[in-house]
Amino acid sequence: MELERVDEGIWVADGPVAIDLVVVPYRTRMTVVRLADGRLWVASPVPTSLAGLNALAALGPVGHLVAPTPRHRWRLESWHALFPDAALWACATGPFTLGDKLLPATVLGEVPPPAWSGELDQAVYRGVGFEETTFLHRASGTLLVEDVLQSHERSGHRLADALVRVGGIRTPGGVPRDIRAISRRGARAWVERVLAWDFDRLVMAHGPVIEGGAKAYVERAFARALR
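So the sequence shown is numbered by the working numbering: it starts at 12 and just counts up by one.
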């Protein structure tokens with residue numbers, strides 16, 4: 012894990028390439044925000060090395076571990092063992108939740124908690140059995156998404172590339188077909204709220220960092236999804 016500065020007070024780190032159950036290679040990106048109180052807010056933590064932990068410690072103490080999507084909640088356990096004093100936050104569980112033994116966590120909602128109110132805005136994408144909490148880092152105008160928007164390049168693996176194409180998430184990316192199908196009403200409500208925010212950068216957990224034109228990117232992706 013290597014931390015990369017995105018803007019003042021916000022960093023990302025890419026986890027190792029993994030293979031999921033349908034043989035699609037993918038990478039998950041972690042986001043770190045340093046809050047005004049000096050504590051770190053860590054979303055979708057990824058496997059890391061001692062060097063990575065030392066780099067993180069140099070930024071400040073870890074105060075919050077966040078799983079914005081049910082598919083990332085299982086990641087909290089190993090990081091909570093490293094940072095037992097950190098508060099745990101997660102979206103509501105459902106059939107898409109990964110992990111057998113889930114640690115108790117405060118459920119994320121539409122209203123930011125006092126811990127980061129004024130620094131991070133949030134909106135919940137609500138589908139049938141699926142929720143994802145999306146965040147806006149106000150100071151840098153950066154939108155943070157996990158699974159609702161993805162962009163995967165060709166891997167050279169025929170089956171994986173076919174699945175990515177069918178799923179609608181080949182570069183330049185889009186809304187995964189399974190998520191797209193579970194709630195158009197929820198998607199519209201989420202899009203309306205998110206597009207009202209002031210942002211020009213997009214950080215995806217599964218895709219590149221979009222520098223500039225991020226709002227137009229989101230609008231195009233969901234225009235296709237909501238047709």
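C-beta: ideal position from N, C-alpha, C; glycine also. All values derive from a computational prediction rather than experimental measurement.
Own chain, CB closer than 6 Å to residue i, minus 5 neighbours either side, in chain order
{"i": "A66", "result": "L14"}
{"i": "F233", "result": "V202"}
{"i": "A98", "result": "H75"}
{"i": "L155", "result": "T42, F146, V214"}
{"i": "L119", "result": "W100, C102, T144"}
{"i": "D18", "result": "S151"}
{"i": "R196", "result": "none"}
{"i": "E121", "result": "V135"}
C-beta atoms of residue i and residue j nearer than 8 Å
{"i": "T9", "j": "W100", "result": "Residue 9 is absent from the structure shown; the chain starts at 12 and stops at 238."}
{"i": "L46", "j": "W127", "result": "yes"}
{"i": "L130", "j": "L114", "result": "Just to set this straight, residue 130 is Glu in the shown sequence, not Leu. Not in contact: E130 and L114 (Cβ atoms no closer than 8 Å)."}
{"i": "E142", "j": "A103", "result": "yes"}
{"i": "G20", "j": "A150", "result": "yes"}
{"i": "A198", "j": "Y136", "result": "yes"}
{"i": "V57", "j": "M12", "result": "yes"}
{"i": "V229", "j": "V23", "result": "no"}
Top-ranked residue by Cα proximity to residue i, from the options
{"i": "G224", "options": "E143, R82, D211, R231", "result": "D211"}
{"i": "L160", "options": "I21, A216, P124, E142", "result": "A216"}
{"i": "V205", "options": "A227, P219, L61", "result": "A227"}
{"i": "M41", "options": "P95, D158, E121", "result": "D158"}
{"i": "W90", "options": "A69, L119, L70, S60", "result": "S60"}
Proximal residues to residue i (C-beta, below 7 Å), its chain only, five neighbours per side dropped
{"i": "P124", "result": "none"}
{"i": "V77", "result": "W52, V53, A54, W100"}
{"i": "D209", "result": "G152"}
{"i": "H148", "result": "I21, V44, L131, L155"}
Residue i at chain B interface by Cβ criterion, 8 Å
{"i": "E19", "result": "Of the protein chains in this structure there is only one, and it is not chain B."}
Same chain only: Cβ atoms within 8 Å of residue i, ignoring 5 sequence neighbours per side
{"i": "G49", "result": "G71, P72"}
{"i": "G63", "result": "M12, E13, L14, A24"}
Runs of beta strand (DSSP E) wholly within the segment 129–165 (minimum 3 residues, chain order): 131–138, 141–148, 153–156
In chain order, which continuous runs of the beta strand (DSSP E) of length 3 or greater are located wholly inside the segment 38–98? 40–45, 51–54, 73–78
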